[in-house]
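S.K.:
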Amino acid sequence: MTTTKQDEFVLEAARTETRRPPLYKVLLLNDDFTPMDFVVIVLQKYFGMNRERATQVMLQVHREGMGTCGVFTKDVASAKVAQVVSYARQHQHPLACVMEETE
Ligand code: TYC
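Each residue of the sequence shown is one higher than the last, beginning at 3 in my numbering.
See below:
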């Protein structure tokens, strides 16, 4: 911490708060009805993945039941979940997307 003497007064720099904001995983859940191609499009459109990466993540969700699309601050994660669910419902698919705080 820097201390500066000026005319007998001692000035100390205030300690700044450096705690990082909590982060949230956005997860896709498997179901038996949403088409694989639709899930790949969602991962490209909302999570910036290329077709190859989106296909890998979709297959992981299909085989293991769930998978991570990305890690974001609370507001961004919440917006992504809302966008994905809205887009899926517009297309009459039951695709489930949720967020979970990271440790
Ligand atoms: N299980 C779906 C099917 O066989 C594909 C799917 C993958 C659905 C990932 C949802 O999050 C999901 N058509």
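Quick reminder that beta carbons are idealized off the backbone N, C-alpha and C, glycines included.
So which of T104, V63, A16 and E105 has the shortest CA-CA distance to N32?
M.R.: Here residue 32 refers to the residue found at position 30 when the sequence shown is read from its first residue. If we check each option's Cα against that of N32, V63 comes out closest.
S.K.: Would you give the residue range spanned by the alpha helix (DSSP H) that F40 belongs to?
M.R.: Your numbering for residue 40 matches position 38 in the sequence shown. First-last of the alpha helix (DSSP H) with F40: M38 to F49.
S.K.: Taking only the alpha-carbon atoms, compute the straight-line gap between L97 and A16 and give it to the nearest angstrom.
M.R.: Translated into positions along the sequence shown, residue 97 becomes position 95. Translated into positions along the sequence shown, residue 16 becomes position 14. Using only the alpha carbons, I get a separation of about 49 Å.
S.K.: Report the rounded CA-to-CA distance for E103 versus Q58, giving the unit in angstroms.
M.R.: Position 101 of the sequence shown, counting from 1, holds the residue named residue 103. Position 56 of the sequence shown, counting from 1, holds the residue named residue 58. Each residue's alpha carbon lies about 23 Å from the other.
S.K.: Does A98 come out as helix, strand or coil in the three-state DSSP assignment?
M.R.: Along the sequence shown, one-based indexing puts residue 98 at 96. Strand at A98.
S.K.: Starting from T75, trace the beta strand (DSSP E) both ways and give me its first and last residue.
M.R.: The residue given as residue 75 occupies position 73 in the sequence shown. Residues M68 to T75.
S.K.: Can you find a heavy atom of the ligand TYC that lies under 7 Å from the Cβ of T36?
M.R.: Indexing the sequence shown from 1 puts residue 36 at position 34. Correct: T36 has its Cβ closer than 7 Å to the ligand TYC.
S.K.: According to DSSP, L29 sits in a beta bridge with which residue or residues?
M.R.: Taking the first residue of the sequence shown as position 1, residue 29 is located at position 27. According to DSSP, L29 bridges with T70 and V100.
S.K.: The ligand TYC heavy atoms versus the CB of V63: any closer than 7 Å?
M.R.: Your numbering for residue 63 matches position 61 in the sequence shown. Yes, the beta carbon of V63 sits closer than 7 Å to at least one heavy atom of the ligand TYC.
S.K.: From F49 to T70, what does the alpha carbon distance come to, in whole angstroms?
M.R.: As a working mapping, residue 49 is identified with position 47 in the sequence shown. As a working mapping, residue 70 is identified with position 68 in the sequence shown. Cα to Cα, the separation comes out at about 10 Å.
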